[in-house]
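Novice: Below you'll find the structure I mean.
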Amino acid sequence: MAEEAAPESAGGNLGQRATHAALWSMLGFGGGQVVRLAGNLVLTRLLFPEAFGLMAIAAVLLQGLMLFSDLGIGPSIIQNKDGDRREFLATAWTIQIGRGIALTTASAIAALPFARFYEDDRLIWIVIIVGFSALLQGFNSTKIFTVGRELDLKRLTLIEFGSQVIGVLAMIAWALASPTYWALVAGGLITPFMKMLLSQLLLAGPIDRVGWHRPSAQSLVNFGKWIFVSTALTFFAGQSDRLIFAKLIPMDTLGIYSIGAMIGIMPLTLFGLIERRVVFPVYSEVHRSGDPLAPRFLKLRAAFLTAGGVICGALLGAGAPVIEFLYDPRYHEAGWILQILTIGTWFTLLQSTYGAVHLATSRAQWVAASSAAKVVGIVAFVLLGYRLDGFPGAVLGYSLSEVLRYFVLATGGRVLKLPGIGQDLMFTASVALSGGLAFATARFVAGEGHGALAAAVASVLVAGITWLPHAGIYLRDAVKLARRS
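Here the sequence shown is numbered in this note's numbering, starting from 322 and rising by one per residue.
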C-alpha cells in the first residue's frame with residue numbers, strides 16, 4: 322500500500338502563496354546578486370581576467386554534463402499528483418544520487434581530452450575538482466522541491482543565500498592568500514556543499530532515504546524523457562557561446578565576455594527563479610485542479626513581463642556606463658557585450674512563461690523543440706554574424722538566436738489556446754522604446770562630460786518612467802487577481 326502523503330507545509334489560497342513565494346524569490350535573488358556582484362568586484366581586482374576565462378570553460382563542461390543527464394526530477398516532484406508521497410520522493414532521491422555519482426565520474430574522464438582540445442593543461446585538474454560539485458548536488462534534499470511545490474520558500478531562500486555568502490567569502494579569502502584561479506574553484510565546491518548540508522538539516526519534512534518504488538520510477542522516467550532531450554539541447558542553446566568563442570577569441574577576451582554575460586544573466590536568473598518557483602508551480606496546481614489556464618496565464622505574465630521590461634530597457638541604455646563605473650578599464654569592453662546580450666534576454670523572458678505552461682501540462686516536447694530551434698539559430702546566426710562583423714557580430718547572432726526558441730514556444734501556446742501573442746508585441750515595442758530612450762540619454766549625459774555613474778542613473782530613470790503606464794495597469798491587475806484568489 323502506498324504511504325500517506327507528506328503533510329503540506331503551506332496554507333492559504335493559491336494567489337497568496339504565489340505572492341509570498343515571489344517576494345521571497347526576489348528578496349533571495351536581490352541579496353544573492355549583491356553578494357555575487359560584490360564578490361566579483363573584489364575578485365576582479367585580486368585575479369587576472371584569464372582566471373575567469375578558465376573557470377568559465379570548466380563550468381560549461383560541468384553544466385553540459387548535468388544538462389545531458391537531466392531527468393527533470395525537481396519538476397516531476399512539483400508537477401506530479403503523487404509528488405509529495407514518501408515512496409515517490411525516496412525513488413527520486415535515489416535516482417538523483419546515482420546521477421551525481423555518474424556526473425562526477427564523467428567529468429574526471431572528460432578532463433584530459435577537454436583540456437587538450439583547448440590546449441591548456443590547467444583545465445585537467447580544474448575540471449576534475451569542479452566535477453565533485455555534481456556529487457554534492459546529488460545529495461541535495463528532495464525537500465528543496467517539496468517546499469517549492471507548496472510555494473513555501475522562506476527557509477529555502479535563506480539557505481541558498483547563506484550558502485552563497487559562505488562560498489564568496491571563501492573565494493575572497495583564498496584569493497587574498499593566493500591570487501590564482503584556484504580561488505574560483507574553491508567557491509565552486511563550498512557553495513553546493515553548504516546548500517546540500519543545510520537543505521538536509523534545516524528544511525521541514527521527513528529525512529530523505531534511499532528507496533525504490535517501481536510505479537514512481539516509471540512516472541519519473543515518463544515525465545523526464547522529454548526533459549532529458551530538452552536539457553541536452555539546452556546545453557547547446559545556453560552554453561555554446563563560451564565553447565564557440567573560446568576557439569575564436571583569446572582567453573582574456575573570453576574572460577571579459579564572461580563578465581558582461583554574468584551581468585546580463587542577472588535578470589534571467591531572477592525571472593528564471595520566479596518561473597521555476599512561482600509560475601510553474603502555480604500553472605501546475607491550476608492544471609491539476611482542472612481550472613482553465615488562459616486567464617491565470619495572461620494576468621500572471623503581465624506583471625512578470627512588466628518587471629522584466631523595466632530591467633531590459635534599463636540595461637540596453639545603462640549597460641556600458643554600469644560596466645565602466647564598476648570595473649577597471651581592462652573590463653570596459655564588457656559594456657557593449659552586456660547591451661547586445663540584453664536583446665536575447667528579453668526574448669528569453671517572453672518565452673519562459675510559455676515553457677512553464679508546457680511543462681505544467683506534460684508537454685515537455687515543445688520545450689525540447691524550442692531548444693533545438695535555438696541550436697539551429699546559433700549555428701546560423703553566430704557564423705553569419707562573425708563573418709559580417711567579427712566578434713561583435715557573433716555576439717549579436719547568439720543573442721538573436723533566442724528569437725527562434727520564442728517562436729516555437731509561442732506556437733505551442735497557440736495550440737493550447739493561450740492568447741499571448743498580442744501581449745508579446747505590445748511589451749516588445751515598449752522594451753524597444755524604453756531601451757532606445759535610455760541609450761540616447763546615456764550617450765547625451767556622457768557627451769556633456771558627466772561621469773559613468775550619472776549616465777547610468779539618468780538612463781535607468783528614463784527607462785523606468787517609460788514603463789510607468791504598464792506598471793500601473795498590469796501590477797494593479799495582478800494585485801486584484803491575488804486578492805480574488
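Using N, Cα and C, we set each Cβ at its ideal position, and we do this for glycine too.
These figures come from a predicted structure and were not determined experimentally.
What does ARG726 pair with, by DSSP beta-bridge criteria?
Specialist: Start at 1 with the first residue of the sequence shown, and residue 726 comes out as number 405. Bridge partners of ARG726: none, in fact.
Novice: What residue does the alpha helix (DSSP H) around LEU477 start on, and which one ends it?
Specialist: Here residue 477 refers to the residue found at position 156 of the sequence shown. Where LEU477 is concerned, the enclosing alpha helix (DSSP H) stretches over 475-498.
Novice: Helix, strand or coil for ARG530 per DSSP?
Specialist: The residue you call residue 530 lines up with position 209 of the sequence shown. Coil at ARG530, not helix or strand.
Novice: List the DSSP bridge partners of ARG808.
Specialist: Nothing about residue 808 can be reported from this structure: the residues present for the chain run from 322 to 806 only.
Novice: So, at 6 Å on beta carbons, what are the nonlocal neighbours of GLN807 in its own chain, with the 5 sequence-adjacent residues on each side left out?
Specialist: Past the boundaries of the shown model lies residue 807; the chain is included only from 322 to 806, so the question cannot be answered.
Novice: Excluding sequence positions up to five away, which residues of its chain have a Cβ less than 6 Å from the Cβ of LEU721?
Specialist: Along the sequence shown, one-based indexing puts residue 721 at 400. If we look at LEU721 and ignore the five residues flanking it on each side, its Cβ neighbours are PHE702.
Novice: Taking only the alpha-carbon atoms, compute the straight-line gap between VAL468 and LEU433 and give it to the nearest angstrom.
Specialist: Residue numbering aside, residue 468 sits at position 147 when the sequence shown is read from its first letter. Residue numbering aside, residue 433 sits at position 112 when the sequence shown is read from its first letter. Distance between the alpha carbons of VAL468 and LEU433: 40 Å.
Novice: Less than 8 Å separating the beta-carbons of GLY488 and ILE511?
Specialist: Position 167 of the sequence shown, counted from the first residue, corresponds to residue 488. Position 190 of the sequence shown, counted from the first residue, corresponds to residue 511. Yes, these two residues count as a Cβ contact at 8 Å.
Novice: Would you identify the three-state DSSP class for ARG406, choosing helix, strand or coil?
Specialist: Position 85 of the sequence shown, counted from the start, is the residue given in the question as residue 406. It is a strand residue.
Novice: Would you be able to state if there are at least three C-beta pairs under 8 Å between the region 635-643 and the region 756-767?
Specialist: Counting Cβ pairs under 8 Å, three or more are found: they touch.
Novice: Measure the Cβ-Cβ separation of GLY421 and ALA379 and say whether it is below 8 Å.
Specialist: Taking the first residue of the sequence shown as 1, we reach residue 421 at position 100. Taking the first residue of the sequence shown as 1, we reach residue 379 at position 58. Their beta carbons are not under 8 Å apart, which means GLY421 does not touch ALA379 by this criterion.
Novice: According to the neighbour-count rule (16 or more other Cβ atoms, all chains shown, within 10 Å of its Cβ), is ILE786 buried or exposed?
Specialist: The residue you call residue 786 lines up with position 465 of the sequence shown. It counts as exposed.
Novice: Report yes if the C-beta distance between THR480 and LEU523 is below 8 Å; otherwise report no.
Specialist: As a working mapping, residue 480 is identified with position 159 in the sequence shown. As a working mapping, residue 523 is identified with position 202 in the sequence shown. It should be pointed out that residue 480 corresponds to Ile in this sequence rather than to Thr. Cβ atoms of ILE480 and LEU523: closer than 8 Å.
Novice: How many angstroms separate the CA atom of LEU564 from the CA atom of ASP612?
Specialist: Reading the sequence shown from its first residue, position 243 is the one you call residue 564. Reading the sequence shown from its first residue, position 291 is the one you call residue 612. Spanning the two alpha carbons is a distance of roughly 44 Å.
Novice: Which residues bound the alpha helix (DSSP H) around ASP745?
Specialist: For the purposes of this step, residue 745 is taken as the residue at position 424 of the sequence shown. Counting along the chain, the alpha helix (DSSP H) containing ASP745 begins and ends at 742-768.
Novice: Could you work out which residue in ALA655, ALA767, GLN672 and VAL736 is closest to VAL600 when comparing CA atoms only?
Specialist: Taking the sequence shown and counting its residues from 1, one reaches residue 600 at position 279. Checking every option, the nearest Cα to that of VAL600 belongs to GLN672.
Novice: How about ALA635 and ALA784: do their beta carbons lie closer than 8 Å?
Specialist: Taking the first residue of the sequence shown as 1, we reach residue 635 at position 314. Taking the first residue of the sequence shown as 1, we reach residue 784 at position 463. Yes, they are a contact pair.
Novice: Looking only at its chain, what residues have a beta carbon closer than 7 Å to the beta carbon of THR425, apart from the 5 residues adjacent to it on each side?
Specialist: In the sequence shown, the residue the question calls residue 425 occupies position 104. Around THR425: GLY452, PHE453, ALA455 and LEU456.
Novice: Determine the direct distance from the alpha carbon of ALA359 to that of ALA570, and round the result to whole angstroms.
Specialist: Numbered from its first residue, the sequence shown carries residue 570 at position 249. Numbered from its first residue, the sequence shown carries residue 359 at position 38. For the record, residue 570 in the displayed sequence is Ile; it is not Ala. Between ILE570 and ALA359, the C-alpha separation is close to 27 Å.
Novice: Using only the alpha-carbon positions, how far apart do PHE435 and LEU382 sit?
Specialist: In the sequence shown, residue 435 corresponds to position 114, counting from 1. In the sequence shown, residue 382 corresponds to position 61, counting from 1. PHE435 and LEU382: Cα-Cα distance of roughly 8 Å.
Novice: Between ASP529 and TRP414, which are expected to be in contact by the criterion C-beta below 8 Å, what is the C-beta distance as a whole number of angstroms?
Specialist: As a position in the sequence shown, residue 529 is number 208, starting the count at 1. As a position in the sequence shown, residue 414 is number 93, starting the count at 1. With a Cβ gap of about 5 Å, ASP529 and TRP414 count as contacting.
Novice: Give the single residue among PHE668, ALA624, TYR707 and ALA767 whose Cα lies nearest to the Cα of LEU789.
Specialist: Numbered from 1 along the sequence shown, position 468 holds the residue referred to as residue 789. Ranking PHE668, ALA624, TYR707 and ALA767 by Cα distance to LEU789 puts ALA624 first.
Novice: Look at VAL678 and LEU737 and say whether their C-beta atoms are less than 8 Å apart.
Specialist: For the purposes of this step, residue 678 is taken as residue 357 along the sequence shown, with counting starting at 1. For the purposes of this step, residue 737 is taken as residue 416 along the sequence shown, with counting starting at 1. Result yes, Cβ atoms of VAL678 and LEU737 sit closer than 8 Å.
Novice: Distance check for GLY772 and VAL778, CA to CA, integer angstroms please.
Specialist: Along the sequence shown, one-based indexing puts residue 778 at 457. Along the sequence shown, one-based indexing puts residue 772 at 451. Going from the Cα of VAL778 to the Cα of GLY772 covers about 10 Å.
Novice: Measuring only the C-alpha atoms, how far is ASP473 from TYR707?
Specialist: Position 152 of the sequence shown, counted from the start, is the residue given in the question as residue 473. Position 386 of the sequence shown, counted from the start, is the residue given in the question as residue 707. Their backbone Cα atoms lie some 46 Å apart in a straight line.
Novice: Check whether the region 349-358 and the region 589-608 are in contact - that is, three or more C-beta pairs closer than 8 Å.
Specialist: The region 349-358 is in contact with the region 589-608.
Novice: Need the endpoints of the alpha helix (DSSP H) that ARG443 sits in, please.
Specialist: Sequence index remark: in the sequence shown, residue 443 carries index 122 (1-based). Segment 443-451, the alpha helix (DSSP H) holding ARG443.
Novice: Could you check what DSSP says for ASP573 in three-state terms: helix, strand or coil?
Specialist: Here the question's residue 573 lines up with position 252 in the sequence shown. It is helical.
Novice: Are VAL752 and CYS633 closer than 8 Å when you measure CB to CB?
Specialist: On the sequence shown, position 431 is the one that residue 752 refers to. On the sequence shown, position 312 is the one that residue 633 refers to. Going by C-beta atoms, VAL752 is nearer than 8 Å to CYS633.
Novice: Can you tell me the Cα-Cα spacing of ILE548 and ASP442, whole angstroms?
Specialist: Stepping through the sequence shown from its first residue, residue 548 is reached at position 227. Stepping through the sequence shown from its first residue, residue 442 is reached at position 121. Taking the straight line joining both Cα atoms gives about 34 Å.
Novice: Out of ALA423, ARG726 and LEU386, which one is the CA nearest neighbour of THR674?
Specialist: Here the question's residue 674 lines up with position 353 in the sequence shown. If we check each option's Cα against that of THR674, ARG726 comes out closest.
Novice: Rounded to whole angstroms, what is the Cα-Cα separation between PHE373 and ALA715?
Specialist: Counting from 1 along the sequence shown, the entry for residue 373 is found at position 52. Counting from 1 along the sequence shown, the entry for residue 715 is found at position 394. Between PHE373 and ALA715, the C-alpha separation is close to 20 Å.
Novice: Less than 7 Å between C-beta atoms, sequence neighbours within five positions excluded: which residues of the same chain meet that for PHE646?
Specialist: Numbered from 1 along the sequence shown, position 325 holds the residue referred to as residue 646. Answer for PHE646: ALA773, LEU774 and ALA777, listed in chain order.
Novice: Identify which residue in ALA494, LEU444, LYS620 and GLU723 has its Cα closest to the Cα of LEU662.
Specialist: The residue given as residue 662 occupies position 341 in the sequence shown. For LEU662, the nearest C-alpha among the options comes from GLU723.
Novice: For GLY676, I'd like the list of residues in its chain whose CB is within less than 6 Å of its CB, leaving aside the five on either flank, ordered along the chain.
Specialist: What you label residue 676 is simply residue 355 of the sequence shown in a count that begins at 1. Excluding positions up to five away in sequence, the list reads VAL688 and LEU730.
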